[in-house]
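The next block holds one structure in the form of structure tokens; read it before the comments.
In this note's numbering, the protein residues as written are 338 to 441.
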């Protein structure tokens with residue numbers, strides 16, 4: 338598995354992070370990485386078909402929000418009220434991006 342902030346489709350030469358085992362691969366993407374992030378999963382060269390499952394865990398807790406007790410809240414806008422980003426909206430946007438990538 339290869340991850341890149343500079344390349345939409347990272348490969349074995351162009352990547353920022355990688356994990357290459359024959360088992361469960363885990364890559365933790367630092368908060369400092371610029372979005373969007375490209376992720377590529379490659380199978381083994383001797384196997385004509387590879388199956389994989391990708392799980393994405395979004396960590397909304399950072400040191401500032403944890404101290405304030407506002408886990409899952411985004412910084413306040415001009416009105417001074419904190420705004421909450423919908424998890425359903427994030428999932429919807431992610432699915433649309435995947436469908437777009439498949440069609441293009």
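C-beta atoms are modelled at their ideal positions from N, C-alpha and C, and glycine is treated no differently.
Given the structure is predicted, the values throughout are model-derived calculations rather than measurements.
Backbone CA spacing between residue i and residue j [nearest angstrom]
| i | j | result |
| --- | --- | --- |
| residue 364 | residue 381 | 18 Å |
| residue 396 | residue 367 | 10 Å |
| residue 433 | residue 342 | 20 Å |
| residue 374 | residue 359 | 23 Å |
| residue 393 | residue 352 | 19 Å |
| residue 354 | residue 439 | 23 Å |
| residue 346 | residue 437 | 14 Å |
| residue 357 | residue 427 | 28 Å |
| residue 435 | residue 424 | 17 Å |
Residue i versus the options, residue with shortest Cα-Cα distance
| i | options | result |
| --- | --- | --- |
| residue 376 | 351, 436 and 339 | 339 |
| residue 372 | 385, 348 and 344 | 344 |
| residue 390 | 438, 374, 361 and 424 | 361 |
Pair within 9 Å by beta-carbon distance, residue i and residue j
| i | j | result |
| --- | --- | --- |
| residue 378 | residue 384 | no |
Spatial neighbours of residue i in its chain, beta-carbon cut-off 8 Å, leaving aside the 5 residues before and after
| i | result |
| --- | --- |
| residue 429 | none |
Same chain only: Cβ atoms within 6 Å of residue i, ignoring 5 sequence neighbours per side
| i | result |
| --- | --- |
| residue 370 | 342 |
| residue 350 | none |
| residue 431 | none |
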